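> Residue numbering for the sequence shown is 182 to 441, as defined by my numbering. For each residue, glycine too, the CB sits at the ideal point set by N, CA and C. Bear in mind the structure is a predicted one, so any value in this text is a computation, not a measurement. Provided herewith is a single structure, encoded as structure tokens, for subsequent inquiry.
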Amino acid sequence: MTDKALNKLAKHLYAQRGIPHPDSNYLAFVPQSIEQAIAVQQLMITQHDTIAGWKCLVPQANGQLIVAPILSTAVSQTIDCGIIPSIKDGQPTALIEPEIAFILGQDIEPYRHYSNDDIDQAISATHMALELIQNRFSREIQPSFYQKLADGLSNQGLYIGPKIDTSIAYQASHIEVVVSDGERTARLQQFSGVHPCELPQNPVYWLINYLAKLGIKLSAGQAIITGSYCGVVKVPMATEVNIEYIGIGHFNIKFYDLLA
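Shown next as structure tokens:
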């Protein structure tokens with residue numbers, strides 16, 4: 182793909198993030214490699230002045246890389262959280278992924294190698310967090326992995342919940358996740374959560390060095406999320422619910438339609 186094609190694709194994908202019926206299937210220009218997909222992500226960053234951080238996993242056995250910038254300003258510790266809902270049979274639903282966020286306390290300069298200890302020292306806090314999910318591809322066409330990677334792997338934002346002890350976060354291979362009503366009188370959903378990368382900090386070590394090799398700087402205050410404990414969770418809109426990681430913490434949240 183030419184630079185012109187990459188720019189056109191980036192503009193199209195970025196535009197899909199703010200409309201009720203997005204379609205990221207831009208068949209005129211289709212990325213053919215991880216490098217092209219990452220280049221499109223970087224072009225989208227230039228279209229948005231600030232980013233909340235990054236999402237990632239460790240590299241997959243099939244060679245796929247799960248990495249994408251969070252192209253929004255993080256929503257932090259307020260009850261109300263805007264989201265573009267998923268609509269099925271006329272019913273809007275918020276799609277979320279319960280995760281842990283690692284907050285950087287300092288800038289991470291590119292073109293350096295960072296040890297695990299270096300990275301641990303750069304992390305200033307850990308928080309309960311929700312990745313906000315939006316499927317931007319038409320159901321009629323099955324996108325390739327490179328298309329999904331360029332589009333940002335379904336991310337539409339990040340909610341940062343209460344701070345949790347870093348020593349607890351670093352041991353959180355399993356978390357029991359409970360979704361209750363706002364009064365915590367009735368459990369609506371419960372999941373025996375398992376981290377997809379054994380421990381939530383493992384992808385952070387990979388991500389920082391991967392981005393450093395690409396010449397990408399990370400900034401203090403950015404958050405890194407590293408995979409859902411229980412996949413995508415559907416919760417109602419305009420209804421206060423409680424999200425609990427048993428033994429770790431909990432918070433109330435109510436989702437409203439960003440486009441309403």
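#1: Could you name the residues of the same chain whose beta carbon sits closer than 6 Å to that of Asp288, not counting the 5 residues immediately before and after it, in chain order?
#2: From the DSSP output, in three-state form, read off Ala275 for me.
#3: Ser409 to Glu425, Cα distance in whole Å?
#4: Where does Asn300 fall in DSSP's three states?
#5: By a C-beta neighbour count over all protein chains shown, 10 Å radius and 16 as the cutoff for buried, is Leu313 buried or exposed?
#6: Once DSSP output is grouped into helix, strand and coil, what is the label at Phe318?
#7: Going by other Cβ atoms of all chains shown within 10 Å of its Cβ, with 16 needed for buried, is Met217 buried or exposed?
#8: With DSSP collapsed to three states, give me the class of Lys236.
#9: I need the straight-line Cα distance from Phe326 to Ser335, nearest angstrom please.
#10: Whose C-beta lies closer than 8 Å to the C-beta of Ala249 among residues of the same chain, with five residues either side of it excluded?
#11: Given a cut-off of 8 Å, decide if Phe283 and Thr254 are closer than it, judged by their beta-carbon atoms.
#12: In terms of residues, what are the limits of the beta strand (DSSP E) holding Lys269?
#13: Leu224 and Leu285 - do their beta-carbons sit closer together than 8 Å?
#14: Which term fits Arg317, buried or exposed, when burial requires 16 or more other beta carbons within 10 angstroms of its beta carbon?
#15: Nearest by alpha-carbon distance to Ala303: which of Ala419, Val385, Asp438, Leu395 is it?
#16: Which word fits Ala350, buried or exposed, when buried means at least 16 other C-beta atoms lie within 10 angstroms of its C-beta?
#17: In its own chain, which residues sit with a C-beta less than 6 Å from the C-beta of His193, not counting the 5 before and 5 after it?
#18: For Gly342 and Met309, which I take to be in contact (beta-carbon distance under 8 Å), what is that distance rounded to the nearest angstrom?
#19: Could you tell me the boundaries of the beta strand (DSSP E) in which Glu357 lies?
#20: Between the alpha carbons of Leu369 and Asp362, how many angstroms are there, rounded?
#21: Just to confirm my understanding: we take Lys189, look at its own chain, exclude 5 residues before and 5 after, and list those with CB closer than 7 Å. What are they?
#22: Expressed to the nearest angstrom, what Euclidean distance is found between the alpha-carbon atoms of Tyr292 and Lys398?
#23: What is the DSSP secondary structure of Met225, counted as helix, strand or coil?
#24: Which residue marks the beginning of the alpha helix (DSSP H) containing Leu208, and which one marks its end?
#25: If you draw a straight line from the alpha carbon of Met418 to that of Ser348, how long is it in whole angstroms?
Let me lay it out:
#1: Ser400, Ala401
#2: strand
#3: 14 Å
#4: The displayed chain sequence assigns Ile, not Asn, to residue 300. Looking at Ile300 - three-state DSSP - the assignment turns out to be helix.
#5: buried
#6: coil
#7: Note on identity: in this sequence residue 217 is Gln, with Met being the wrong assignment. That one is buried.
#8: strand
#9: 12 Å
#10: Gln222, Trp235, Lys236, Cys237, Leu330, Gly333, Leu334, Asn336
#11: no
#12: 267-269
#13: no
#14: buried
#15: Val385
#16: buried
#17: Tyr207
#18: 4 Å
#19: 355-362
#20: 7 Å
#21: Phe210
#22: 9 Å
#23: helix
#24: Counting along the chain, Leu208 falls outside any alpha helix (DSSP H), and DSSP gives it neither H nor E.
#25: 33 Å
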